[in-house]
Structures are given as C-alpha cells and as structure tokens.
Amino acid sequence: LKQRLHNHLINIVRERDPCFATGGHFLVREYIRESLSQWGEVETHEFEVRNQIYQNLILDLDAATPSNLPPILIGAHYDAVPGTPGADDNATGVAVLLELAAVFKAQPLKYPVRLVAFDLDEAALTGGGLLGSTAYAADMKDQKQTLRLMLSLEMLGYRDSIPNSQNYPDLIKPFYRDRGDFIALVGNLSAIFDLIRLSRHISKHGIPCQILPDPTNGKLIPITGFSDHSPFWEQGYKAIMVTDTAMLRNPNYHKPSDTLESLDLDFLTGVCESLIAALKKVT
1385 LKQRLHNHLI NIVRERDPCF ATGGHFLVRE YIRESLSQWG EVETHEFEVR NQIYQNLILD
1445 LDAATPSNLP PILIGAHYDA VPGTPGADDN ATGVAVLLEL AAVFKAQPLK YPVRLVAFDL
1505 DEAALTGGGL LGSTAYAADM KDQKQTLRLM LSLEMLGYRD SIPNSQNYPD LIKPFYRDRG
1565 DFIALVGNLS AIFDLIRLSR HISKHGIPCQ ILPDPTNGKL IPITGFSDHS PFWEQGYKAI
1625 MVTDTAMLRN PNYHKPSDTL ESLDLDFLTG VCESLIAALK KVT
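Given below as structure tokens:
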C-alpha cells in the first residue's frame, strides 16, 4: 500500500493550478481519470466558471448486495495553489481516494460508494474556492439525491510528534493535544455519531484520531469549513472532513516546500489503512 500511494504521489505532485500550470493540471486530471477507469466508468461532471469549463470526475461503485441504500460520497480536490507542487495539499487526499477505489471495488461496502475528484477547491484567479464541490453539491440537491455520508479527504500526509507542533483556533485550543501526530475528523452536528464511530475504529487500527463537531457549519470557527465538505454542509448533507489539520500543523501549507519529501509516508499509509477499516464498519 505504501508503494502504491508513493506511485500515485509521483504522478500527482507537481504544479497544477488551473490558471498558471494548465499543463500540470491537465496531466493530473487525466491520471486520475485513467486510474479510476480501471474500476468502472468514470463520469465527468462539468461546471462553468468565467466562461471556462472545469471537470469533477466521478466513479460509482456498487454495494456488496443490491439495494436502494444511499451512497457514501468520498471526495478529494486535485487542483493546487499557484507556485506549489501541492504534495500534502492535496495529492495525499487524491492518492488515498484512488486506493479506496481499488479496495472498495474488490471488497464492496454495505453502501454504494461514490468517489469524486473535485476541481477548483483552491482560491486562485477563478472566482474563489470550493467551486467544484459547490457546483456538484448544488446539482445533487437540485436532483434530490440522498447520501449516507460525505467525506472530504483534505491533506493526510504530514505528521509532527514534537510537543507544541500542533496549533488550534483559540476557542478550542484547551481541549486538544499539542502534538501533530493524529488525524482529525471535523463534522456537522448531524454527523456526530459517524464522527464518534469512525474515530473509534481509526484509532483502533493504529492512527490517533481527534474529532471536532461543529454545529455552526463553520460560522463560529471558520477554519472548520476550509474544504469540500463545506458545500455539502450548506446543502444539508451529513459531511466530515478528514485532515491532518493543514496550516495548523504543516509549515509547508501553500508554499513551494509542500513537496513529496516533506511527507510522512508511514503516517499516510496508516491513515489510508485505518480509514478503510473504519468505513467497513459504517452501518
């Protein structure tokens, strides 16, 4: 698994913002499409921003037994900010997404799984961030589609076990550990029981896990809404961000130093393994 994740990262970690690195952006998008297409038909969800068409890529996987159960949607954005190769942000999330496709094709879950690679998460010159997930969540709501749960994979590969390596907004700082050696789950109030269950199973499989329920959908602590789960919160879906806490831990956030060499691949592998085990327990 560690080698497969590394191979994905080699293909994804490069400058790939859609404004200044269009070649890299195209290559990464097509790598994702090719990787997902091994496991089924990849649907393209197109949306328009400033007279330009962008693409979310979608793969639907069947449940273990035929049913009318709503899917678990797992998403990760594949664009990066200008000037950075975006190793942790968010090549790590995409690499795990691609591995989940292989695993849940071979070992289906109780629920159908919908894997989505979102474009235009980052705020560049395209009118703001979270644009791909906002367009997709709105279309799902318009079509009255239901979800069992939405998970946003947002930076999964940076660990620092040194004391005081983990920062927090002042409001929640007294309640959490000061070492950046855990994975965090951030969810809206309707996802509280999933937060608890997933956290318990992730921790059981070797990765420390912290949870943060946010009943305000990012209004009280804005940083909790800085990923592609946020548009799903706004549309009334149960949604959780899975993250290494981004700028609260990783000093390379949105910098040229966000390289493959800065990642902890053992941590990333453990997160992927633990997330797979936890999702198998979703009821």
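Just so we're on the same page, my numbering is the position in the sequence shown counted from 1, plus 1384.
All residues carry an ideal CB built from backbone N, CA and C; glycine is no exception.
As the structure is a computational prediction, the values presented were derived from the model and not from experiment.
Selection from the options that minimises the alpha carbon distance to residue i
i       : options                               : result
GLU1673 : ARG1400, THR1476 and THR1518          : Limits of the chain in this structure are 1385 at one end and 1667 at the other, which puts residue 1673 out of reach.
ASN1551 : ARG1633, ASP1526 and HIS1638          : ARG1633
ALA1464 : ASN1452, VAL1478 and ILE1456          : VAL1478
ILE1418 : HIS1392, GLN1436 and GLU1399          : In the sequence as presented, Ile is not what sits at residue 1418; that position holds Glu. Of the candidates HIS1392, GLN1436 and GLU1399, the one whose C-alpha sits nearest the C-alpha of GLU1418 is HIS1392.
PHE1577 : ASP1444, LEU1441, THR1667 and LYS1386 : THR1667
GLY1654 : SER1646, ASP1444 and SER1587          : SER1587
PRO1640 : LEU1385, ARG1388 and ASP1401          : ASP1401
VAL1626 : GLU1432, LEU1537 and GLY1620          : LEU1537
GLY1512 : GLN1527, PHE1610 and MET1524          : PHE1610
PHE1559 : ASP1526, ASP1565, GLN1594 and GLN1527 : GLN1594
HIS1638 : MET1539, ALA1501, ARG1413 and LYS1489 : MET1539
ASN1395 : ALA1405, TYR1415, THR1406 and PHE1410 : TYR1415
ILE1556 : PRO1606, SER1545 and MET1524          : PRO1606
MET1524 : GLY1620, ALA1460, GLN1439 and GLU1506 : GLY1620
GLY1424 : LYS1489, VAL1480 and GLU1506          : LYS1489
PHE1410 : GLN1439, MET1631 and ALA1460          : GLN1439
Chain-order list of residues whose beta-carbon lies under 6 Å from that of residue i (same chain, five-residue window excluded)
i       : result
PHE1651 : ARG1543
LEU1604 : none
PHE1616 : ALA1521, MET1534 and ALA1623
THR1629 : ALA1568
LYS1386 : LEU1649 and THR1653
LEU1420 : VAL1426, LEU1443 and ALA1485
VAL1412 : ILE1396, ARG1400 and TYR1462
LEU1644 : LEU1393, VAL1397 and ALA1471
PRO1454 : THR1530, LEU1531 and ARG1532
LEU1596 : VAL1570
ASN1636 : ASP1642 and SER1646
GLU1506 : ASP1463, VAL1465 and GLY1513
Buried versus exposed, by CB contacts within 10 Å (16 or more), residue i
i       : result
TYR1658 : According to the sequence provided, residue 1658 is Ser. The question's Tyr does not apply to it. SER1658 comes out buried.
ASN1474 : buried
ALA1448 : exposed
ASN1452 : exposed
ILE1362 : With the chain represented from 1385 up to 1667, any question about residue 1362 goes unanswered, as that position is not in the structure.
SER1583 : buried
ASN1435 : exposed
ASP1526 : exposed
GLU1430 : exposed
ASP1642 : buried
C-beta atoms of residue i and residue j nearer than 8 Å
i       : j       : result
THR1600 : VAL1570 : no
PRO1547 : ARG1563 : yes
ILE1458 : TYR1495 : no
GLY1516 : LEU1499 : no
LEU1663 : LEU1493 : yes
LEU1441 : THR1428 : yes
VAL1397 : PRO1469 : yes
ASN1572 : ASP1598 : yes
ALA1405 : TYR1462 : no
LEU1482 : CYS1656 : no
VAL1487 : ILE1660 : yes
Sequence-distant residues of its chain with Cβ nearer than 7 Å to residue i (five each side left out)
i       : result
GLN1422 : none
LYS1665 : ARG1581 and HIS1585
GLY1408 : ARG1398, GLU1399 and ARG1400
PRO1592 : ASP1565 and PHE1566
SER1574 : LYS1622
SER1614 : LEU1514 and GLY1602
GLY1590 : GLY1654 and SER1658
MET1631 : TYR1637
LEU1579 : LEU1569, GLY1571, ILE1595, PRO1597 and ILE1624
PRO1553 : ILE1605 and ILE1607
SER1549 : ARG1563, GLY1564 and ARG1633
Residues near residue i by beta carbon distance below 8 Å, same chain, minus five either side
i       : result
LEU1647 : LEU1393, ALA1471, ASP1472, THR1476, GLY1541 and TYR1542
VAL1480 : LEU1389, ALA1460, LEU1537, LEU1540, LEU1652, VAL1655, CYS1656 and LEU1659
SER1545 : ARG1563, GLY1564 and ASP1565
Check: residue i C-beta below 7 Å from any heavy atom of the ligand SAM
i       : result
GLU1645 : The ligand SAM is absent from the structure shown, which contains no ligand whatsoever.
Continuous beta strand (DSSP E) assignments of at least 3 residues falling wholly in the segment 1507-1555: 1533-1538
Uninterrupted alpha helix (DSSP H) stretches inside the segment 1419-1467 (no shorter than 4 residues): none
Length at least 3, wholly inside the segment 1550-1629: the beta strand (DSSP E) runs in chain order: 1567-1571, 1593-1597 and 1623-1627
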